[in-house]
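Asks: Protein chains in written order, with numbering that gives the first Met the number 0: chain A, 0 to 195; chain B, 0 to 195. Idealized CB from N, CA, C, for every residue including glycine. The structure presented is a predicted model; accordingly, all values stated were derived computationally and were not measured. My questions will all concern the structure given below.
There are 2 protein chains.
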Amino acid sequence: MSKIQSKKNSTKKEIIIEKAAKLFREKGFGAASMRDIAETVGVEAASLYNHIQSKAEILQAICFKVANEFISQLDEVERSNEPTLKKMETIIRVHIRMMLDQYEHVYISDHEWRHLPEPYLSNFLNQRRSYRKRLSDIIEEGIQKNEIKNIEPYVAVLTILSAISGIESWHRSRKTTSAETLEANMVKYLIEGLKK
Amino acid sequence: MSKIQSKKNSTKKEIIIEKAAKLFREKGFGAASMRDIAETVGVEAASLYNHIQSKAEILQAICFKVANEFISQLDEVERSNEPTLKKMETIIRVHIRMMLDQYEHVYISDHEWRHLPEPYLSNFLNQRRSYRKRLSDIIEEGIQKNEIKNIEPYVAVLTILSAISGIESWHRSRKTTSAETLEANMVKYLIEGLKK
DNA sequence: CACAGATCCTAACACTCGTTAGTTTTTTTT
DNA sequence: AAAAAAAACTAACGAGTGTTAGGATCTGTG
């Protein structure tokens, strides 16, 4: 049982996941081969299997790490007793910053989840549905409390999450707009649209 | 020279493109094989090559058809002398309806363009950059004319286009929200966010 | 130093991929 | 009905896929 040196193991595993993430984002999960990944790690393809079990496991690790991070941040927001608009602003900022700071991982979780093997795929989609439902409930509560404008909550959630996921495109651009400007203006846009 | 029966030819070609589009959307360009496409068309894989030149050609046809449609709609809006807010609403509605009516093609154009071979890839990206610049110019003009709120035009464009492209997720859902409700609410959200 | 275990390598397997060649069948034209 | 054209088929190519087996090498502990 290799428990003692698990620190070194997980370190190498993390390197593999990090390099793989970059390639998955650049070329897509299907087009990035194990040999591609191995090359950027500086090793032969077969050697990767001393640290991971399969290509799919890398994708799983990325997708569920991101999902868990979003969920635990939402837990926190839900526990707080802020007004609805403040809650939504916090959530929006969390999403924007995740997109700015962990671009690679969030992008993969957004775009490559369909390559997850079952039962992870169903699991992931259930988590996502549940997450959006919770966001939608926050908005619905805000409408009933007359704190935000009357808008179909599902559509508002869809609009917000999709808008933010588009930051991917900024990330690949020549960045004439700074990250701060981007965050400030997108928050402004998305929050103004919720106000009464 | 086969020009006379070009109608029957392009008809079969269109069938292939349509079936391929469905598969590209479901499984991604890379994961959808020529043999998959052939099966849904009801033919052997090799027979496809009597009507198309390559797998990539199918992707090109889809991406550029969509791009051209958006561009020509934007031409029309630019020629009109409506106020900025009205222009933006028209563009937003065009995008939403394209997403509703031509889901499969628009989705592919949004998500699978990276698999375009050169020089089509550069071409496509140039067209896209130019398109976004034109949208951004409309917003900038609106700000200078004091018709809409002071917001970074690039960020507004990014937000609008990304939000709409998220309708993809609605399309795959159980649709407890009707298309009309979706369009009305998304327009409301995105336009309110632009108003002063 | 010697042993153990972790990590690497080479080689290969069993597929699948897009595409081409060559032939046969179906459809259209004369 | 004969000839020509279009479209289908079978078979195969070369390349690339994720993954496994088995052995070599490196690393750290006793």
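Is the CB-CB distance between E111 (chain A) and F23 (chain A) below 7 angstroms?
Replies: Mapped onto the first sequence, residue 111 (chain A) falls at position 112. Mapped onto the first sequence, residue 23 (chain A) falls at position 24. Going by C-beta atoms, E111 (chain A) is nearer than 7 angstroms to F23 (chain A).
Asks: Could you tell me whether any Cβ in chain B is nearer than 7 angstroms to the Cβ of M185 (chain A)?
Replies: What you label residue 185 (chain A) is simply residue 186 of the first sequence in a count that begins at 1. True, the Cβ-Cβ gap to chain B drops below 7 angstroms.
Asks: Mind pulling the chain B residues with CB within less than 8 angstroms of S168 (chain A)?
Replies: Position 169 of the first sequence holds residue 168 (chain A). What S168 (chain A) touches in chain B: L157 and S161.
Asks: Once DSSP output is grouped into helix, strand and coil, what is the label at G27 (chain A)?
Replies: Walking along the first sequence from the start, residue 27 (chain A) turns up at place 28. Residue state for G27 (chain A) is assigned as coil, using DSSP reduced to three classes.
Asks: When DSSP labels each residue in this structure, what does N122 (chain B) get in the three-state scheme?
Replies: In the second sequence, the residue the question calls residue 122 (chain B) occupies position 123. N122 (chain B): helix per DSSP, three-state reduction.
Asks: According to the neighbour-count rule (16 or more other Cβ atoms, all chains shown, within 10 Å of its Cβ), is Y48 (chain A) buried or exposed?
Replies: Here the question's residue 48 (chain A) lines up with position 49 in the first sequence. With fewer than 16 other Cβ atoms within 10 Å, it is exposed.
Asks: Pick from B:E179, B:S79, B:I190 and B:L115: whose alpha carbon is nearest that of S53 (chain B)?
Replies: Taking the first residue of the second sequence as 1, we reach residue 53 (chain B) at position 54. Among B:E179, B:S79, B:I190 and B:L115, the Cα nearest to that of S53 (chain B) is on B:L115.
Asks: Please identify the residue among B:T10, B:I61 and B:V76 whose C-alpha is closest to the C-alpha of D136 (chain B).
Replies: Translated into the one-based positions of the second sequence, residue 136 (chain B) becomes position 137. The shortest Cα separation from D136 (chain B) among B:T10, B:I61 and B:V76 belongs to B:V76.
Asks: Spell out whether any CB of chain A is found under 7 angstroms from the CB atom of Y102 (chain B).
Replies: The residue given as residue 102 (chain B) occupies position 103 in the second sequence. Answer no: the Cβ-Cβ gap between Y102 (chain B) and chain A never drops below 7 angstroms.
Asks: Rounded to a whole number of angstroms, what is the C-alpha to C-alpha distance between A155 (chain B) and V105 (chain A)?
Replies: One-based indexing of the second sequence puts residue 155 (chain B) at position 156. One-based indexing of the first sequence puts residue 105 (chain A) at position 106. Approximately 21 angstroms between the Cα atoms of the pair.
Asks: For K21 (chain A), which residues from the same chain have a beta carbon less than 8 angstroms from its beta carbon, with the 5 sequence-adjacent residues on both sides left out?
Replies: Residue numbering aside, residue 21 (chain A) sits at position 22 when the first sequence is read from its first letter. T39 and E103, listed in sequence order.
Asks: Using DSSP with H/G/I as helix, E/B as strand and the rest coil, what is I3 (chain A)?
Replies: In the first sequence, counting from the first residue as 1, residue 3 (chain A) sits at position 4. Any reading at I3 (chain A) needs caution, since the residue's pLDDT is 32, under 50, leaving its predicted position unreliable; the model's value is listed next. Looking at I3 (chain A) - three-state DSSP - the assignment turns out to be coil, as it is neither helix nor strand.
Asks: Taking S168 (chain B) as the reference, which of A:I142, A:K194, A:R131 and A:Q143 has the closest Cα?
Replies: For the purposes of this step, residue 168 (chain B) is taken as residue 169 along the second sequence, with counting starting at 1. Of all alpha-carbon atoms in A:I142, A:K194, A:R131 and A:Q143, the one lying nearest the alpha-carbon of S168 (chain B) is that of A:R131.
Asks: Which same chain residues end up closer than 6 angstroms to H94 (chain B) when comparing Cβ atoms and leaving out the 5 residues on each side of it in sequence?
Replies: In the second sequence, the residue the question calls residue 94 (chain B) occupies position 95. Cβ within range, chain order: I163.
Asks: Anyone know if the C-beta pair for Q126 (chain B) and A55 (chain B) falls short of 7 angstroms?
Replies: Position 127 of the second sequence, counted from the first residue, corresponds to residue 126 (chain B). Position 56 of the second sequence, counted from the first residue, corresponds to residue 55 (chain B). Cβ atoms of Q126 (chain B) and A55 (chain B): not closer than 7 angstroms.
Asks: Which residues, in order along the stretch 123 to 152 of chain A, keep a beta-carbon less than 8 angstroms from a beta-carbon of chain B?
Replies: K148, I150 and E151
Asks: Let's see if you can read the secondary structure: which residues bound the alpha helix (DSSP H) around T39 (chain B)?
Replies: Reading the second sequence from its first residue, position 40 is the one you call residue 39 (chain B). Per DSSP, T39 (chain B) belongs to the alpha helix (DSSP H) from M33 to V40.
Asks: Helix or strand or just coil, what does DSSP make of L193 (chain A)?
Replies: The sequence position of residue 193 (chain A) within the first sequence is 194, counting from 1. DSSP places L193 (chain A) in coil when its eight states are reduced to three.
Asks: Return the CA-CA distance between F123 (chain A) and R171 (chain A), expressed in angstroms with no decimal places.
Replies: Counted from its first residue, the first sequence places residue 123 (chain A) at position 124. Counted from its first residue, the first sequence places residue 171 (chain A) at position 172. Roughly 26 angstroms between the two C-alpha positions.
Asks: Once DSSP output is grouped into helix, strand and coil, what is the label at N49 (chain B)?
Replies: Locating residue 49 (chain B) in the second sequence gives position 50, counting from the first residue. N49 (chain B): helix per DSSP, three-state reduction.
Asks: Please go through the same chain and pick out, in chain order, the residues whose beta-carbon is closer than 7 angstroms to the beta-carbon of L189 (chain B), but skip the five residues on each side of it.
Replies: The residue labelled residue 189 (chain B) in the question sits at position 190 within the second sequence. Same-chain partners within the cutoff: I91, I159 and A162.
Asks: With a cut-off of 7 angstroms, does the C-beta of T89 (chain B) fall near any C-beta of chain A?
Replies: For the purposes of this step, residue 89 (chain B) is taken as residue 90 along the second sequence, with counting starting at 1. Closer than 7 angstroms: no.
Asks: Give the straight-line distance between the Cα atoms of V186 (chain A) and K195 (chain B), rounded to the nearest whole angstrom.
Replies: One-based indexing of the first sequence puts residue 186 (chain A) at position 187. One-based indexing of the second sequence puts residue 195 (chain B) at position 196. When rounded, the distance between both Cα atoms is 15 angstroms.
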